[in-house]
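J.:
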């Protein structure tokens with residue numbers, strides 16, 4: 001009995017022990033107050049696409065979807081972790097690991113989380129939890145136990161609450177996220193002094209937080225000696241007034257100040273070089289200038305230095321001079337000075353690089369630095385080098401054969417320099433790791449034995465303007481992993497080898513233009529992976545075979561390809577750009593209505609025939625269409641106005657007839673319209689003002705970026721000649737309707753198209769007057785209205801066209817005086833025939849006088865069909881004379897003093913005139929001087945006052 005009791009007691013004690021142990025282990029389960037706080041937080045989440053909070057339910061029932069019992073214990077919920085001792089929630093990790101806004105939580109960070117008083121770890125990053133206010137919640141400063149806070153990727157705005165300075169135990173703080181812009185709200189800190197209170201902080205990431213008003217940021221951060229990681233990229237940092245005299249950041253290993261374009265100081269005096277504990281330093285796209293100091297050579301722990309500059313954002317690069325000696329930086333693995341140096345000598349820079357053994361330098365980026373001199377043989381010592389980038393400098397001389405010793409070299413970029421000489425097998429001898437090689441646009445020649453087998457398997461090879469011919473390089477047959485190959489202008493005078501399609505089956509980009517490749521196109525191309533194929537400017541003949549199905553861009557222009565376009569080309573439904581121009585193709589184009597992605601289509605200079613291709617109606621993404629110099633006929637369809645993305649339309653030199661459809665003015669993005677040399681008739685389209693793409697202030701932000709890699713060069717009949725322009729970057733806004741049979745007048749709406757540079761309406765049957773306000777087309781450089789039936793005067797506003805450099809108004813019926821102006825006089829000096837064939841024109845600079853014209857013009861103003869009428873000028877003179885006369889009579893009638901003075905004046909005038917007449921008469925009749933004096937005395941006495949008294 002006692003034994004049993006003992007056993008029971010023992011069993012009971014054991015159960016109690018295990019129960020107590022279980023309690024200690026689990027902490028007694030989730031605290032109800034904290035569970036309610038988490039559920040309240042969930043109520044503030046309006047979307048949970050990834051089901052991150054699906055397990056957050058009150059327990060006691062099954063989830064019908066997952067067929068599992070829902071946990072009552074919140075410590076078992078996804079993303080929640082509790083203390084094993086106390087059961088309190090200590091960790092909440094709801095990070096959106098997909099880093100995709102579409103999969104993250106949507107809602108707000110509810111105030112209920114304040115109940116999680118023991119929280120030590122909080123990660124809500126990469127979610128959309130900014131809430132209705134968009135502000136960072138201030139109550140986050142209440143988590144006194146918090147050691148880890150990550151709110152990165154949440155699009156907050158407004159001020160980062162200084163209450164976070166109360167988190168004295170915090171070791172990790174990340175607010176990085178959306179980069180600030182002028183168009184979007186952003187986070188900012190106006191006073192960063194609270195950061196100094198985070199004395200235990202080791203990791204601080206404020207990327208994208210605006211710190212432009214925090215001028216003492218170096219001092220504040222220097223007060224956190226525990227920092228190991230500091231990232232302030234894109235924070236709009238300004239140059240500080242003063243820097244710390246004593247550096248406390250002795251544990252700092254990673255510093256990122258990149259993309260602070262206004263951070264402008266002398267590099268030599270910067271405090272950054274004193275941070276000798278740094279392993280990673282990123283100063284890219286800052287505006288530090290001057291000498292890179294010797295102090296850099298003392299940063300012995302440095303592994304990565306990025307001091308490059310992003311010229312696509314700002315043009316302040318190339319402001320430094322390399323003075324530092326890096327020979328002792330034995331840990332340096334990456335050195336990036338792209339776009340940073342103003343100048344330098346390449347051999348001097350190589351001499352200053354680490355010379356330790358083993359050499360750990362893996363990446364050397366010196367692109368776009370105006371470097372000169374010869375590439376030194378020292379390059380062979382950099383045995384760990386993986387990437388060597390010397391792109392776009394002025395390096396001259398030969399490529400040293402020592403480069404072939406770099407067994408780890410994977411990427412070699414020497415393009416756009418002035419290198420010359422011959423590349424042989426020795427240069428490639430040990431480059432077993434080589435994957436990418438860029439030698440293009442130098443003066444190099446590759447000469448290897450036809451039986452040579454390379455030690456590498458290239459993926460990207462760019463040999464443009466590098467001599468590799470005349471035969472097709474046989475060593476390329478081994479490069480079966482090639483993805484991108486450029487061999488334009490490589491001096492190849494050969495046919496395509498039989499192994500072309502199989503060897504390059506993985507390639508997505510092939511460029512072999514501007515060679516002398518003859519014969520037909522390669523066979524079995526349909527199984528290739530090509531996306532972009534450039535074979536233009538060769539001597540390729542025969543017909544078009546079946547093409548690779550994944551092609552997005554095909555350029556076989558300027559060849560001798562003949563015959564019809566095969567129906568198989570319609571299978572290229574991923575095609576965006578197609579250039580078949582300048583070949584011997586003929587017949588009608590197949591009905592490829594399903595190629596709806598095409599935005600660039602050029603088929604000019606062939607012998608295509610038939611009506612305007614009807615299948616184009618489905619190509620709604622067209623922005624460039626050139627069918628010029630063919631044999632197309634018929635009328636232009638009305639649906640041509642449905643191409644709402646069309647910018648370039650060139651149909652010149654065909655046989656189109658009928659009128660120009662009015663719907664063409666629906667092409668709001670059109671900037672180049674060329675229908676010249678057809679058989680078009682009828683009036684010009686009305687509503688030309690709808691062509692807003694030809695206006696100066698049209699909204700270019702609505703324009704999609706033009707398809708890159710296409711040939712946008714075109715010939716424009718401008719300034720009396722055919723001129724070639726590359727319209728990919730600069731659009732020559734043109735309307736050319738010349739050499740047709742158009743009639744009627746020029747619509748007044750054309751003057752609203754103030755962006756037109758070239759307007760050519762010559763060789764038509766247009767009539768009426770030249771629009772009076774044609775001078776409103778301020779951008780006009782070339783205007784040709786010759787050989788029409790225009791009449792009337794030349795508008796004076798033409799003289800306002802300050803950019804006008806070509807004008808032709810010859811052979812019309814224009815009359816009147818030629819407008820004056822320096823610009824028009826200069827144009828006449830350049831071309832004395834611009835007014836020929838207009839017999840009614842007169843005045844300078846023409847020899848014909850306008851005297852008769854002015855007289856006839858005045859007569860015209862005072863005549864009518866019924867006879868002679870008094871002109872308005874004569875009536876005005878008469879009325880003015882009568883009014884003035886009545887004013888004089890009125891004054892003399894009512895002003896006595898004026899009346900007496902007036903008549904006295906008349907009497908005196910009469911006396912003087914009379915005396916002079918008598919004197920003259922006396923001389924003529926011989927009267928003596930004595931008698932004349934007596935007569936004068938007599939008259940003077942009569943005229944005296946005493947006589948009247």
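In full-length UniProt numbering, the protein residues as written are 1 to 949.
Every residue, glycine too, gets a C-beta built ideally from N, C-alpha and C.
Quantities reported herein were computed from a predicted structural model and do not represent experimental measurements.
Nearest to residue 57 by alpha carbon, out of 48, 883, 77 and 47?
T.: Of the candidates 48, 883, 77 and 47, the one whose C-alpha sits nearest the C-alpha of residue 57 is 77.
J.: Are the Cβ atoms of residue 89 and residue 129 separated by less than 8 angstroms?
T.: Not closer than 8 angstroms, so no.
J.: Using DSSP with H/G/I as helix, E/B as strand and the rest coil, what is residue 851?
T.: In the structure shown, residue 851 sits in a helix (DSSP, three-state: H, G or I).
J.: Is it a yes or a no for the region 710-719 touching the region 679-686, going by three-plus beta-carbon pairs under 8 angstroms?
T.: No contact exists between the region 710-719 and the region 679-686.
J.: So, helix, strand or coil for residue 534, using DSSP?
T.: DSSP places residue 534 in strand when its eight states are reduced to three.
J.: Within the continuous beta strand (DSSP E) that includes residue 631, where are the two ends?
T.: Looking at the DSSP string, the run of the beta strand (DSSP E) that includes residue 631 is 631-635.
J.: Just reading off the alpha helix (DSSP H) that residue 502 is part of, what are its end residues?
T.: Taken as a continuous stretch (DSSP letters only), the alpha helix (DSSP H) holding residue 502 covers 500-503.
J.: Counting only C-beta atoms, is residue 307 closer than 8 angstroms to chain D at any point?
T.: Protein chains in the displayed structure number just one, and chain D is not present.
J.: By Cβ distance below 6 angstroms, which residues in the same chain neighbour residue 41 in space, the five residues on each side in sequence not counted?
T.: Here the set comprises 110, 112 and 113.
J.: Residue 188: which of 196, 831, 237 and 759 sits nearest, CA to CA?
T.: Ranking the options by Cα distance to residue 188, first place goes to 237.
J.: Would you call the CB atoms of residue 362 and residue 386 closer than 8 angstroms?
T.: Yes, Cβ-Cβ distance for residue 362 and residue 386 is below 8 angstroms.
J.: Roughly how many angstroms separate the alpha carbons of residue 216 and residue 257, rounded to a whole number?
T.: Taking the straight line joining both Cα atoms gives about 15 angstroms.
J.: Thinking just about the alpha-carbon of each residue, which of 331, 355, 542 and 394 is nearest to the one in residue 373?
T.: Taking only the C-alpha atoms, the option nearest residue 373 is 394.
J.: Expressed to the nearest angstrom, what Euclidean distance is found between the alpha-carbon atoms of residue 529 and residue 574?
T.: Looking at the two C-alpha atoms, the distance is approximately 12 angstroms.
J.: Cutting at 7 angstroms between CB atoms, please list the residues of its own chain near residue 821, excluding the five before and the five after it.
T.: Hits under 7 angstroms: 799.
J.: Mind checking who residue 602 pairs with in its DSSP beta bridge?
T.: According to DSSP, which records beta bridges pairwise, residue 602 is partnered with 579 and 626.
J.: Any idea which residues DSSP pairs residue 758 with across the strands?
T.: Answer is 734 and 782, bridged to residue 758.
J.: Using alpha carbons as the reference points, say which of 752, 776, 718 and 675 lies closest to residue 693.
T.: Residue 693 has its Cα closest to that of 752, out of 752, 776, 718 and 675.
J.: Who does residue 996 pair with in a DSSP beta bridge?
T.: For residue 996 there is no data in the structure shown, the boundaries of the chain being 1 and 949.
J.: Answer with buried or exposed for residue 629, where buried requires no fewer than 16 other C-beta atoms within 10 angstroms of its C-beta.
T.: Buried, since its Cβ has 16 or more Cβ neighbours within 10 Å.
J.: Taking residue 395 as part of the alpha helix (DSSP H), name the residues at either end of that continuous run.
T.: Here residue 395 belongs to no alpha helix (DSSP H); instead the beta strand (DSSP E) covers 394-397.
J.: Please name the residue, chosen from 884, 273, 641 and 677, that lies closest to residue 687 on a Cα-to-Cα basis.
T.: It is 641 whose Cα lies nearest to the Cα of residue 687.
J.: Does the region 132-150 come within contact of the region 79-87, defined as at least 3 CB pairs closer than 8 angstroms?
T.: Contact fails: fewer than three Cβ-Cβ distances are below 8 angstroms.
J.: Given a cut-off of 8 angstroms, decide if residue 318 and residue 339 are closer than it, judged by their beta-carbon atoms.
T.: Cβ distance < 8 angstroms, so residue 339 and residue 318 count as in contact.
J.: Ends of the alpha helix (DSSP H) at residue 825?
T.: 822-830 is the extent of the alpha helix (DSSP H) around residue 825.
J.: Just tell me which of 431, 851 and 792 has its CA closest to the CA of residue 813.
T.: Closest by alpha carbon: 792.
J.: Helix, strand or coil for residue 571, going by three-state DSSP, please let me know.
T.: Residue state, collapsed to three classes: helix.
J.: Identify every residue that forms a DSSP beta bridge with residue 561.
T.: Per DSSP, none; premise fails for residue 561.
J.: Excluding five sequence neighbours on each side, which residues of the same chain lie with their C-beta closer than 6 angstroms to the C-beta of residue 870?
T.: Confidence at residue 870 is low in this model, with a pLDDT of 47, below 50, so its placement is unreliable and the value that follows should be read with caution. Nothing listed; no residue qualifies.
J.: Give the secondary structure of residue 33 by DSSP, where H, G and I count as helix, E and B as strand, and everything else as coil.
T.: If DSSP states are grouped into helix, strand and coil, residue 33 belongs with the helices.
J.: Going straight from the alpha carbon of residue 885 to that of residue 913, what length do you get?
T.: If you take the alpha carbons of residue 885 and residue 913, they lie about 25 angstroms apart.
J.: Quick one: any contact between the region 589-596 and the region 735-745, if contact means 3 or more CB pairs under 8 angstroms?
T.: Judged by Cβ distances under 8 angstroms, the region 589-596 makes no contact with the region 735-745, as fewer than three pairs qualify.
J.: Could you tell me whether the Cβ atoms of residue 420 and residue 441 are closer together than 8 angstroms?
T.: No, the Cβ-Cβ distance between residue 420 and residue 441 is not below 8 angstroms.
J.: Looking at the strands, I want to know which residues DSSP matches up with residue 461.
T.: Answer is 437 and 485.
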